[in-house]
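Numbering (this note's numbering), first residue to last: -2 to 426. As structure tokens, the structure follows; a few thoughts come after it.
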């Protein structure tokens, strides 16, 4: 005689299906944590591509674990979106794309209009996802009623370096300045030189961000000489885009023009940090004595040393030019930008410079130890740290108008493939 049949608990049922709830929840928490770390890493001063690949492999493993958990992970994502933040939106979007869950995508898109972090988090998730998984989805974004979602669609195309086609034409004429700005940025990121004339007309746009994006794109399409004044004005103004405008302006400028811009910054009483960055971006070793003066002040020592490394390619750690731990001061006044930067041993660094300076004659532009040319930029993209790599991508695109801007925030394995010999970025100079 058979005994009574008892219903399985939810935990038993999941275990019977090979799903362990505690493990899936750990995958969820770790994926969110690793995504937050990654956001910092792509802008960090000491992170190289190999570090990003290692980190992304860990993140991918947790995302794969969630995908394999099926319905339980999907329910977990819904619960996580009860109080949405960037991490939960990123992971939930990845799951929705993998499972081709149109309902989940719609729920996530509804957050874009009300949660400030939702748009960037979803853009990051779409950028992480492989292009075949996005087929059919991007067209929905590009034709959405909400401008912020249309801008998201343009951003997704740009992240994958795909021409949005007619949707881009419409975006450049959109009444929403956010959509126009995203469209202008996409033209430069994808390298669509056929749209250069439209971008030049947008230099007169009534929206400041649109004007900046038009000027940035003009630089990437080889029209930098025509937008100097626009970029210079933004660079010296108290403007949220001032730092970006300064970098783009100095990348586009000839050495003499770059020096004139730095003098304009000094005349405008720019702060020391801005002047130090500008000194680095000129690539001219005439600024080195001034950088050593800044290293005498612990508030600016690390960023000044970083500027010297930006020009010369010196690696303080491998050359033994870092301060001993007991010589490092309490770091109470440091900027967040200094996190991860080594403290220079200034006397030893000065001695190194005395020996090495013959390799860096003044009046020329140097970039991470070499000439500011496409070949050296490709070397930096393969071997350099993230801050150098992002500048290398900008330099290289400006030197090769019409080529896509290399995306140093893309998944590490995708970057490695593109930078391999024969890859899209591994061809040419």
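Each residue gets a CB set at the ideal place from its N, CA and C atoms; glycine is no exception.
Report the residue from the options whose alpha carbon sits nearest the alpha carbon of residue i.
i           : options               : result
residue 193 : 204, 217, 172 and 74  : 217
residue 198 : 187, 206, 212 and 186 : 212
residue 203 : 232, 186, 182 and 172 : 172
residue 185 : 398, 261 and 132      : 398
residue 273 : 334, 316, 315 and 146 : 334
residue 149 : 56, 183, 177 and 120  : 120
residue 245 : 224, 294 and 261      : 224
residue 355 : 297, 407, 283 and 80  : 283
residue 30  : 88, 158, 164 and 39   : 88
residue 366 : 373, 309 and 325      : 309
residue 156 : 174, 141, 131 and 163 : 131
residue 183 : 408, 411 and 214      : 214
residue 36  : 324, 289, 114 and 241 : 114
residue 252 : 280, 27 and 240       : 280
residue 236 : 267, 400 and 255      : 267
residue 81  : 111, 133 and 95       : 111
residue 142 : 133, 126, 400 and 176 : 176
residue 190 : 381, 401, 414 and 417 : 401
residue 48  : 409, 241, 414 and 415 : 409
By DSSP, does residue i sit in helix, in strand, or in coil?
i           : result
residue 359 : coil
residue 329 : Low per-residue confidence applies at residue 329: pLDDT is 49, beneath 50, and the placement is therefore not dependable, though the value from the model is reported in the following sentence. Coil.
residue 403 : coil
residue 296 : coil
residue 159 : coil
residue 368 : strand
residue 112 : coil
residue 382 : strand
residue 425 : Residue confidence is low: residue 425 scores 42 on pLDDT, short of 50, so the model does not pin down where it sits. No coordinate-derived value is stated.
residue 97  : coil
residue 339 : coil
residue 32  : helix
residue 319 : strand
residue 410 : helix
residue 142 : coil
residue 192 : helix
residue 375 : helix
residue 416 : helix
residue 165 : helix
residue 18  : helix
residue 201 : helix
residue 121 : helix
residue 279 : helix
residue 220 : coil
residue 126 : coil
residue 268 : coil
residue 397 : coil
residue 172 : coil
Check whether the Cβ atoms of residue i and residue j lie closer than 8 Å to each other.
i           : j           : result
residue 108 : residue 91  : no
residue 25  : residue 63  : yes
residue 247 : residue 278 : yes
residue 208 : residue 196 : no
residue 302 : residue 313 : yes
residue 405 : residue 395 : no
residue 166 : residue 153 : no
residue 304 : residue 276 : yes
residue 206 : residue 187 : no
residue 73  : residue 21  : yes
residue 431 : residue 200 : Nothing can be reported for residue 431, as the shown portion of the chain is limited to -2 through 426.
residue 128 : residue 147 : no
residue 39  : residue 412 : no
residue 122 : residue 83  : no
residue 392 : residue 364 : yes
residue 352 : residue 292 : no
residue 161 : residue 139 : yes
residue 269 : residue 229 : no
residue 326 : residue 294 : no
residue 100 : residue 407 : no
residue 28  : residue 60  : yes
residue 116 : residue 94  : no
residue 164 : residue 151 : yes
residue 439 : residue 255 : The displayed coordinates of the chain run from -2 to 426. Any statement about residue 439 would go beyond what the structure contains.
Meets three-Cβ-pair contact criterion under 8 Å: the stretch 333 to 347 and the stretch 369 to 379: no
In chain order, each alpha helix (DSSP H) run of at least 4 residues that lies wholly inside the stretch 229 to 261: 239 to 249
Any 3 or more C-beta pairs closer than 8 Å across the stretch 94 to 108 and the stretch 42 to 52: no
Ranges of the alpha helix (DSSP H) found wholly within the stretch 35 to 108, counting only runs of at least 4: 46 to 65, 68 to 77 and 83 to 95
The stretch 49 to 60 touching the stretch 341 to 352, judged by at least three CB pairs closer than 8 Å: no
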